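Visitor: Let me begin by handing over the structure; questions about it come next.
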Amino acid sequence: MKKITIALLLIMVAFSANAQYKGQFRFIHSYEMTSDKGFFGMSFGGEYLFQNYLSIHPSMTFYTPATGNARGFDVNMRYYLTEKEKQWYTLIGYGHYTRVFEFNPERIRRHNSVNLGAGGMLKFRDELGINPEIRYQPMGRNEVIFKLAIVYFIN
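Using mature numbering (1 follows the signal peptide of the UniProt record, and there is no 0), the letters of the sequence shown correspond one by one to residues -19 to -1, 1 to 136.
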């Protein structure tokens, strides 16, 4: 119940603020660390603001477990709360995670999950910035993911 209350409060705050503008594109290269297993991942994605304040952010992550391989695919919707040099946002989305074990290739673990989180776009210049983010996946993986990204603002 607490998680639902916190999520509703974040959504209410999100819809009471002003932020970014329709038609902007961004390329994002990030590094991720999971809380539970301690996997390190490298991610590539993009972001498109399809409405003022709202964007869609698909990304593909390649994790490095001790054995085998793992990858994740996320599609998140971001709502921007602020503008200018520091752009803070909340997010909600969908994540799919697949892990194949090295010594038993028939053993495959797949998870679908909901993503809830927040982050920011901190501009260094007009075309470059960093993007710290924290994301919680309450269903499926039940993990917290910490992300730090380099962002290229295309327009």
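Cβ atoms here follow ideal geometry from the backbone N, Cα and C, with glycine treated the same way.
As the structure is a prediction and not an experimental result, all values here were calculated from the model.
CA-CA distance, GLU124 and PHE20?
Guide: As a first step, residue 124 must be located in the sequence shown, where it is residue number 143. As a first step, residue 20 must be located in the sequence shown, where it is residue number 39. Between GLU124 and PHE20, the C-alpha separation is close to 11 Å.
Visitor: Which residues mark the beginning and the end of the beta strand (DSSP E) in which LEU72 is found?
Guide: Here residue 72 refers to the residue found at position 91 of the sequence shown. It spans 67 to 81 - the beta strand (DSSP E) in which LEU72 sits, taken as one unbroken run.
Visitor: Assign GLN68 to buried or exposed, taking buried as 16 or more other Cβ atoms, counted over all protein chains shown, within 10 Å of its Cβ.
Guide: Taking the sequence shown and counting its residues from 1, the one referred to as residue 68 is at position 87. Buried, by the Cβ-count rule.
Visitor: Rounded to a whole number of angstroms, what is the C-alpha to C-alpha distance between THR42 and ASN136?
Guide: Here the question's residue 42 lines up with position 61 in the sequence shown. Here the question's residue 136 lines up with position 155 in the sequence shown. Approximately 24 Å between the Cα atoms of the pair.
Visitor: What is the rounded straight-line gap between the Cα of PHE8 and the Cα of ARG116?
Guide: The count along the sequence shown starts at 1 and reaches residue 8 at position 27. The count along the sequence shown starts at 1 and reaches residue 116 at position 135. So the two alpha carbons sit approximately 19 Å from each other.
Visitor: Identify whether THR45 lies in helix, strand or coil by the three-state DSSP scheme.
Guide: As a first step, residue 45 must be located in the sequence shown, where it is residue number 64. The answer is coil: DSSP assigns THR45 none of H, G, I, E or B.
Visitor: Going straight from the alpha carbon of SER40 to that of PHE25, what length do you get?
Guide: Mapped onto the sequence shown, residue 40 falls at position 59. Mapped onto the sequence shown, residue 25 falls at position 44. Straight-line Cα distance between these residues: approximately 6 Å.
Visitor: Whether or not the stretch 101 to 112 and the stretch 30 to 37 are in contact is what I'm after, with contact meaning three or more pairs of Cβ atoms, one per stretch, closer than 8 Å; do they touch?
Guide: Because the criterion of three Cβ pairs below 8 Å is not met, the stretch 30 to 37 and the stretch 101 to 112 do not touch.
Visitor: Let me check understanding here. Comparing Cα to Cα, which of GLU114, ASP55, LYS65, GLU28 lies closest to HIS92?
Guide: Indexing the sequence shown from 1 puts residue 92 at position 111. Cα-wise, what sits closest to HIS92 is ASP55.
Visitor: To the nearest angstrom, how far is it from the Cα of LYS104 to the Cα of SER11?
Guide: Here the question's residue 104 lines up with position 123 in the sequence shown. Here the question's residue 11 lines up with position 30 in the sequence shown. Looking at the two C-alpha atoms, the distance is approximately 15 Å.
Visitor: Considering only residues of the same chain and omitting the five flanking positions on each side of PRO119, which have a CB-CB separation below 8 Å?
Guide: Looking up residue 119 in the sequence shown gives position 138. Contacts found: LYS(-17), SER94, VAL95, LEU97.
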